[in-house]
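Inspection log for the structure reproduced underneath, given as structure tokens.
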Amino acid sequence: MTDTIIPQIVNIELTNRCNLACIFCDHPTLQKKMVLTDFDTGLLKKLLGSFKPKEIYEIGLVGLGEPLLDKKLYDHLDVIGAYSNLFKRISMNSNGVTLSLKASELILDSCINLITFSLNATNRNSYKKLMKKDLFDIVVKNIRNFLELRKNKRKKINVSIQFMSSRLNKQKEMEELFSEYLDADTLVYNRYVFNKPVINNSKKQLIDINRIETLERHPCWSIYSRVYIDVKGNVYPCTIGNDSYRETSSMNLGNINKNDLIDIFNSEPIKNAREKSEKCDLAFQECMDCTLWELFPNNFKLQYGRWKQNNDIIIRKKNMNRLD
């Protein structure tokens, strides 16, 4: 491919702080060697100001940290609001632990039009085993208060509440927790789990790793459609780069402090990764055990031992972590 590729989803890590120790997340390990901080406001303005109207489908406030712990969240949402006309969707992912009334008001009064609450469990026992803290009842109450406030404000914001794919979780339990709020704008869903470094054999007894029966590993659509920008401005082509390997890995494509994001997304490292992937090789060495590619649509067809992009397939521009 020689044409400039524009990422449809740009995910920004507003902070790398977190208040949980989820067994399916690398944060408990990585935080030991990270400086815990927040995204630079000036850099955020520079990044958003570099985009053309409707060039990027979605800005997602998601990363290794919990956005509600961002000490500059009010300012950051104000900045994003000033550029909100550029994007169709502005989303946020939160674990809901510190979802106070004040935080709920801030979100509902902001430019965010989709929020995903990572409750991750459908009952208290599951929550304690998966998140390593006994906060299930508190988080459920926080989410319900948010939904009630949204109803009173009559604010149009879509809400997703996810639970991890696990034998400990049941969809019916989740639906019962939020039954009075579920409608076209509010849904619960099963989040499929992909394999990554933190998930060892003992953890696989609690988590269902997504697997599909396929003869060929097709190119991972993430490296064509999205980027993750960490709190320092480093750019990764997928969530596993951002959440597991970070800046010292080959998945670090560059830094927006030094280069334009679109240029980074079309630089030699990612172009080489796409070329290798289309030749039925691993895009990056870190991809070897990852199963994230299975959760994305196959927008390619195999011809004479090489994957060619299938122009007949409509590319989904939605957040493809959510399979519905």
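For the sequence shown, the working numbering begins at 15 and goes up steadily by one. Don't be surprised by glycine CBs; every beta carbon is placed ideally from N, CA and C.
Within 10 angstroms of its Cβ, does residue i collect 16 or more other Cβ (buried), or is it exposed?
i, result
"residue 299", "exposed"
"residue 115", "exposed"
"residue 302", "exposed"
"residue 83", "buried"
"residue 119", "exposed"
"residue 27", "buried"
"residue 255", "buried"
"residue 288", "buried"
"residue 88", "exposed"
"residue 339", "For the chain, the structure presents residues 15 to 338; residue 339 sits outside this window and is missing."
"residue 215", "exposed"
"residue 259", "buried"
"residue 210", "buried"
"residue 313", "buried"
"residue 198", "exposed"
"residue 325", "exposed"
"residue 337", "Residue confidence is low: residue 337 scores 36 on pLDDT, short of 50, so the model does not pin down where it sits. Its coordinate-derived value is still stated next. Label assigned to residue 337: exposed."
Can you tell me where the beta strand (DSSP E) with residue i in it begins and where it stops?
i, result
"residue 242", "240-243"
"residue 178", "172-178"
"residue 317", "314-317"
"residue 248", "248-250"
Name the one or two DSSP bridge partners that residue i has.
i, result
"residue 305", "Per DSSP, none; premise fails for residue 305."
"residue 132", "176"
"residue 24", "73, 241"
"residue 320", "317"
"residue 205", "178"
"residue 223", "207"
"residue 269", "248"
"residue 200", "173, 197"
"residue 29", "52"
For residue i, report the span of its alpha helix (DSSP H) as first-last.
i, result
"residue 143", "138-145"
"residue 212", "Element bounds for residue 212: n/a, residue is neither H nor E."
"residue 185", "185-191"
"residue 292", "282-292"
"residue 275", "275-278"
"residue 260", "Per DSSP, residue 260 belongs to no alpha helix (DSSP H) and is neither H nor E."
"residue 42", "41-44"
"residue 218", "Looking at the DSSP string, residue 218 is not in any alpha helix (DSSP H), and its letter there is neither H nor E."
"residue 296", "No alpha helix (DSSP H) contains residue 296, which DSSP labels as neither H nor E."
"residue 159", "150-167"
Measure how close the beta-carbons of residue i and residue j come, nearest whole angstrom, since I'm counting them as under 8 Å.
i, j, result
"residue 178", "residue 38", "7 Å"
"residue 67", "residue 29", "So it is not a contact: roughly 28 Å between Cβ atoms."
"residue 320", "residue 290", "In fact, because the Cβ distance is near 11 Å, the residues do not count as touching under 8 Å."
"residue 19", "residue 62", "About 19 Å separates the two Cβ atoms, so there is no contact after all."
"residue 57", "residue 270", "7 Å"
"residue 183", "residue 206", "In fact, because the Cβ distance is near 12 Å, the residues do not count as touching under 8 Å."
Is residue i close to chain C? Criterion is C-beta to C-beta, closer than 8 Å.
i, result
"residue 309", "The structure shown has no chain C; it contains just one protein chain."
Run through the segment 47-116 for me and flag every whole alpha helix (DSSP H) of 4 or more residues, listed as ranges in chain order. 55-63, 87-96
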